[in-house]
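Novice: Okay, handing you the structure first.
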């Protein structure tokens, strides 16, 4: 599997984790856990964008 494909799998997993965390925190988007997962997802998205260039 290519690096881009691996990143896409990780991105999908983190996206689902972010959705679940938001629900658990009653849609409080400034909650520390929500922000933390969001930052991790953002980092992976940036890495994916660099990989496909």
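Residue numbers (full-length UniProt numbering): 1 to 53.
Glycine included, C-beta positions come from ideal geometry on N, C-alpha and C.
Note that this is a predicted model, so its numbers are computed, not measured.
(1) With DSSP collapsed to three states, give me the class of residue 25.
(2) Report the CB separation of residue 48 from residue 8 in whole angstroms; it is logged as a contact under 8 Å.
(3) Rank 52, 53, 50, 37 by C-alpha distance to the C-alpha of residue 12 and give the top, closest one.
(4) Straight-line CA distance for residue 42 to residue 1?
Specialist: Reading from the atomic positions:
(1) DSSP, read as helix, strand or coil, puts residue 25 in coil.
(2) Indeed, because the Cβ distance is near 7 Å, the residues count as touching under 8 Å.
(3) Ranking the options by Cα distance to residue 12, first place goes to 37.
(4) Linking residue 42 to residue 1 through their CA atoms gives a straight-line distance of about 22 Å.
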